[in-house]
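Before any comments, here is the structure.
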Amino acid sequence: MTNPVFHAPHLTGLHPGEVLDVHGPEAKHAVTVRRLRTGEPLDLVDGHGTRASCTFTSGEKDRMSVTVADIRHEEPRTPRFTLVQALAKGDRDLQAAETATELGVDRVIPWQADRSIVRLRGERAEKTMAKWDSTLTTAAKQSRRAHWPHREDWVDTSRLARLVAAETDTLWLLLHETATTTWAASDTAAWAEHPRIAVIVGPEGGIGEDETRTLTEAGAQTLRLGDTVMRSSTAGPAALAALQAVLGLWG
């Protein structure tokens, strides 16, 4: 079984044999929820690729001491993956972001599409994005990741189009049920030449014609993933899983 993962922001400069004191919610979770005992292994990660394999020494309430056994920096895999996920009702957008994190996504961009029922304004926007951050953090720890996905500010379609136009070295794949280009007919091996691949997923009501035109004119490519119409919570993770398989990233 792999070691449980906890977040520690400052791991640079540590060496094997050092004793590190961890305070706050992460230590509280280790001590009171996971109930770690002396001698049990755990990993500390900073979310930016550094992983410290440690041994639990002692702890109480919201404090724990660990002994560093090994520390290393894990390089991110390429291509880097982005999920542009349209806001959806019933937390289906969060389900997509959570599963995408488990599948190794590097960046998540919430998208307020024209047909998104959820609308972000003021305090609601702040609370919604905080919920996204919490979901990504929990999923990153559950999947034992050293590199955690970055959640960018939410965008509307016009801002998304500007981002697509600006990132010319990113392959932008706009998943659409009526696209004439299919996954099976695409030269997927050539996609590995791009440093970044982004998957754009619309809301439950679909992506409108005007939005599709705006995004394709900015540089996105429409793509039909399969013969079935997937929910907003399923399409992105399905595409990310397929990408990793065809690009040989699953060893």
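Residue numbers in the sequence shown follow the working numbering, run continuously in steps of one, and reach 232 at the last position. Every residue gets a Cβ at the ideal spot worked out from N, C-alpha and C, and that includes glycine. Remember, predicted model here, so these are calculated numbers, not experimental data.
| query | result |
| --- | --- |
| Endpoints, the beta strand (DSSP E) within which G245 is located | No information on residue 245 is available, as it lies outside the stretch -18 to 232 that the chain covers here. |
| Simplified DSSP state of A77, which is helix, strand or coil | helix |
| DSSP state of E231 mapped onto helix, strand, coil | First, the residue type needs correcting, since residue 231 is Trp and not Glu in the sequence shown. In this structure, W231 counts as coil in the three-state DSSP scheme. |
| 8 Å contact criterion, which P128 and P57 should meet: CB distance rounded | As written in the sequence, residue 128 is His, which differs from the Pro given in the question. Sure, about 5 Å apart at Cβ, within 8 Å. |
| L(-5) to E41 span [Cα, whole Å] | 23 Å |
| Cα-Cα separation between T215 and G30, rounded to whole angstroms | 27 Å |
| Option nearest E133 by Cα separation, candidates W164, L154, A111 and T151 | A111 |
| DSSP three-state assignment for V145, whether helix, strand or coil | helix |
| For A50, the three-state DSSP class (helix, strand or coil) | strand |
| CB of A67 within 8 Å of CB of P184, strictly | yes |
| Proximal residues to A199 (C-beta, below 6 Å), its chain only, five neighbours per side dropped | A142, V145 and A146 |
| Segment contact flag, the region 114 to 127 with the region 163 to 171, C-beta cutoff 8 Å, min 3 pairs | no |
| Straight-line gap, D100 to T138 (C-alpha atoms, nearest Å) | Just to set this straight, residue 100 is Arg in the shown sequence, not Asp. So the alpha carbons of these two residues sit roughly 13 Å apart. |
| DSSP state of T151 mapped onto helix, strand, coil | strand |
| Residues sharing a beta bridge with H128, DSSP | H29 |
| Reference S167, options V65, H(-9) and Q202, closest by Cα | Q202 |
| Cβ distance (whole Å) where A8 is taken to contact D43 below 8 Å | 5 Å |
| Beta-ladder partner(s) of L1, from DSSP | V47 |
| CB of T63 within 8 Å of CB of R177, strictly | yes |
| Environment of M45 [buried if 16+ CB atoms lie within 10 Å] | buried |
| One or two residues paired with P(-10) in a DSSP bridge | Per DSSP, none; premise fails for P(-10). |
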